[in-house]
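These notes are about the structure you will find just below.
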Amino acid sequence: MENQPQLVQLEKTLLNIEGLGRQLYPKLDIVAAAKPVISEWREQQTDLKTILTKLQQDAPEIRKTIEELPILAKRVINSQSNNQSNEEFFNQFSKTIYKSLLGIAVMLTGGILLGLEIVLGWLLMGAGFLVILLSKPK
């Protein structure tokens, strides 16, 4: 994984600010000072209205992708090798898609519950991620 120069520079700047702050006020706790700002930002990012707005903005791209899925599926089925029958391949393909969509639905539900500050959301997010991982064809 490549380090982005902007992030390295940001980290250096934050360390310099913390060092200067500690010189001016030795009892400075950066984490405690930043907690209200971070909490407000987190609430804004996980707010149901914000999530729905982002989903609405992404809806055209999602719709376009969903419309292309049957064409891509047909292309894959037509180009797959002869060692596996089309019906068997299609059944495996549809099961994989079904499990992936189920995992995504569980993760979205978990995300909404996290936005409502319900701890069960973390469990659902993890379960959804696990379902998606297990849906990967062998």
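Okay, so the sequence shown: first residue is 6 according to our numbering, each after it adds one. We put the CB at the ideal spot given by N, CA and C, even for glycine. Since we're looking at a predicted model, the values are computed, not measured.
Look up residue i in the DSSP assignment and say whether it is helix, strand or coil.
i	result
Asn87	Unreliable positioning characterises Asn87 in this predicted model, as indicated by a pLDDT of 49, which lies under 50. The coordinate reading is nonetheless provided below. If DSSP states are grouped into helix, strand and coil, Asn87 belongs with coil.
Lys40	helix
Tyr30	coil
Val13	helix
Lys123	Note that residue 123 corresponds to Ile in the displayed sequence, not to Lys. The answer is coil: DSSP assigns Ile123 none of H, G, I, E or B.
Asn8	coil
Asp63	helix
Ser105	helix
Ser140	coil
So, for residue i: in the same chain, excluding its five sequence neighbours on each side, which residues have a beta-carbon less than 8 Å away from its beta-carbon?
i	result
Asn87	Because the pLDDT at Asn87 is just 49, under 50, the model does not fix this residue reliably, and the value given afterwards should be weighed accordingly. Excluding residues within five positions, none has a Cβ falling inside 8 Å.
Lys104	Val136, Ile137, Leu139, Ser140
Ile56	Gly116, Ile117, Gly120
I'd like the list of long-range same chain contacts for residue i, defined as Cβ closer than 7 Å, with 5 residues on each side in sequence excluded.
i	result
Phe95	Ile82
Arg27	Leu33
Ser44	none
Glu72	none
Spatial neighbours of residue i within its chain, please: C-beta separation below 6 Å, excluding the five flanking residues on both sides.
i	result
Gln62	none
Pro150	With the chain covering only 6 through 143, there is no way to say anything about residue 150.
Lys53	Note that residue 53 corresponds to Leu in the displayed sequence, not to Lys. So the qualifying residues of the chain are Gly120.
To the nearest whole angstrom, what separates the beta carbons of residue i and residue j, a pair I think is in contact under 8 Å?
i	j	result
Gly115	Trp127	7 Å
Ile35	Glu23	5 Å
(request) Specify whether the segment 107–119 and the segment 127–143 touch according to this definition: at least 3 beta carbon pairs, one from each stretch, less than 8 Å apart. (result) yes
(message) Below 8 Å, how does it come out for the segment 39–53 and the segment 118–125: are there three or more Cβ pairs, yes or no?
(response) yes
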